[in-house]
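Everything below concerns the one structure shown next.
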Amino acid sequence: MSDQHAARPAEASGTFQLGGDLPVHRLGYGTMRLPGPNVWGEPTDPDEAVRVLRRAVELGVNFIDTADSYGPFISDQLIRKALHPYPEELVIATKAGLSRPGPEAWVPLGRPEYLRQQAELSLRHLGVERIDLFQLHRIDPAVPLADQVGELELLRQEGKIRHIGLSEVTIDQIEQARAITEIVSVQNLYNLLARDYEEVLGYAEREGLAFIPWFPIASAELALPGGPLETIAKNLGVSGAQLAVAWLLRRSPVLLPIPGTSSVAHVEENTRAALIELSDADYQELSALTATAA
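Sequence positions in the sequence shown follow this note's numbering and run 723 to 1016.
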């Protein structure tokens, strides 16, 4: 590990220009783990949730990802409580398009009036006049894609959102959306154990889109003792979670990992992953190992 950025390790992850005009440190923070069980209701320890957000920013994180469905809106309220008024360099991304009729349910809902309503609520809950990055959380198969993305473009024209992104999409869907408006990011499932979207990542690289991998630590599976990374992690003196994030940062300059946690200790651990300098041999061994494991 390098100690050049010891106090603010997220800065060591490098910078990506989101949409060409929003510089963010590539290692961000995702808020999905802040609400209660099943991403529903208030957190078990609200004070710790606030401390996590503040600590992430202290550690150099300036890209925070949230969604209206997290709580619902619990993570947004925590972000505002912890960080408002926001530092000038902080970029907050949110999402809409998955409704939460109950703690076990995630239902795609892309009707234009619903997306507009959720955008307005996000503005209110976050306490901002414009959302930096507004992502369509899922494409609703019951609603034409043009209607869903078209509504986000209208919100952009009205100055309520700055940039538009998509989540869990194919290359064809990205191109359909780009025919309607500018798309700056893709948020798909991607980690060492789940690489089904390699072609989408390649497309993002070619087109200069941010690729925001959700579940970057495979929902903590990669961090468990006895997991597929344990031996390599021990040899390097790091944790499996850190190694998983370090691999993503090395894998592509357009990847913006957003590991989430409800623990200050874990946000400190995850953020220090940006200090890990993987050798070519370590990187190749990880890639081969997990490709086999997957």
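Heads up, the beta-carbon is just placed ideally off N, CA and C, and yes, glycines get one too.
Quick one: measure Cβ to Cβ for residue i and residue j, integer angstroms, because I've assumed they're closer than 8 Å.
i, j, result
"residue 819", "residue 860", "5 Å"
"residue 1000", "residue 968", "6 Å"
"residue 996", "residue 734", "4 Å"
"residue 853", "residue 845", "6 Å"
"residue 980", "residue 751", "6 Å"
"residue 950", "residue 1011", "6 Å"
"residue 899", "residue 867", "7 Å"
Taking only beta-carbon atoms, is residue i less than 9 Å away from chain B?
i, result
"residue 842", "In the displayed structure, chain B is absent; only one protein chain is listed."
State the DSSP-derived secondary structure class of residue i, mapped to helix, strand or coil.
i, result
"residue 910", "coil"
"residue 854", "strand"
"residue 1016", "Its pLDDT being 41, under 50, residue 1016 is placed unreliably in this model, and the coordinates cannot settle the point."
"residue 827", "coil"
"residue 970", "helix"
"residue 931", "coil"
"residue 996", "helix"
"residue 985", "coil"
"residue 940", "coil"
"residue 1010", "helix"
"residue 1003", "helix"
"residue 977", "strand"
"residue 864", "coil"
"residue 962", "helix"
"residue 949", "coil"
"residue 789", "coil"
"residue 990", "helix"
"residue 723", "Here residue 723 scores only 49 on pLDDT, less than 50, and its place in the model should not be relied on; the value that follows carries that caveat. The answer is coil: DSSP assigns residue 723 none of H, G, I, E or B."
For the alpha helix (DSSP H) holding residue i, just list the boundary residues, first then last.
i, result
"residue 837", "834–848"
"residue 872", "867–879"
"residue 885", "Segment 883–889 is the beta strand (DSSP E) holding residue 885; no alpha helix (DSSP H) there."
"residue 954", "952–958"
"residue 797", "796–805"
"residue 810", "It is not in any alpha helix (DSSP H) - residue 810 carries neither H nor E in the DSSP assignment."
"residue 900", "893–900"
Excluding the 5 residues flanking residue i on each side, which residues of the same chain have their C-beta closer than 7 Å to its C-beta?
i, result
"residue 739", "745"
"residue 760", "825 and 826"
Would you kindly report the start and end of the unbroken beta strand (DSSP E) that includes residue i?
i, result
"residue 815", "813–818"
Sorted by chain position, which residues of the same chain lie with C-beta nearer than 6 Å to residue i's C-beta, five sequence neighbours on each side aside?
i, result
"residue 799", "847"
"residue 821", "829 and 831"
"residue 795", "847"
"residue 884", "852 and 854"
"residue 1015", "For residue 1015, the predicted model reports a pLDDT of 46, less than 50, meaning its position is unreliable; a value from the coordinates is still stated below. The residues are 950."
"residue 785", "746, 750 and 813"
Residues in the same chain with beta-carbon distance under 8 Å from residue i, minus the five sequence neighbours each way, listed in chain order, please.
i, result
"residue 872", "834, 902 and 903"
"residue 797", "753, 754, 756, 757, 788 and 789"
"residue 737", "745, 746, 747 and 748"
"residue 767", "984"
"residue 727", "733, 734, 782, 996 and 997"
"residue 976", "738, 923, 926, 927, 930, 931, 932 and 933"
"residue 906", "740, 741, 742, 855, 885, 886, 887, 931 and 932"
"residue 964", "955, 991, 992, 994, 995 and 998"
"residue 776", "804 and 805"
> Counting only runs that start and end within the region 725–786, where is the beta strand (DSSP E) found for 3 or more residues in a row?
Replying inline: 737–740 and 744–747
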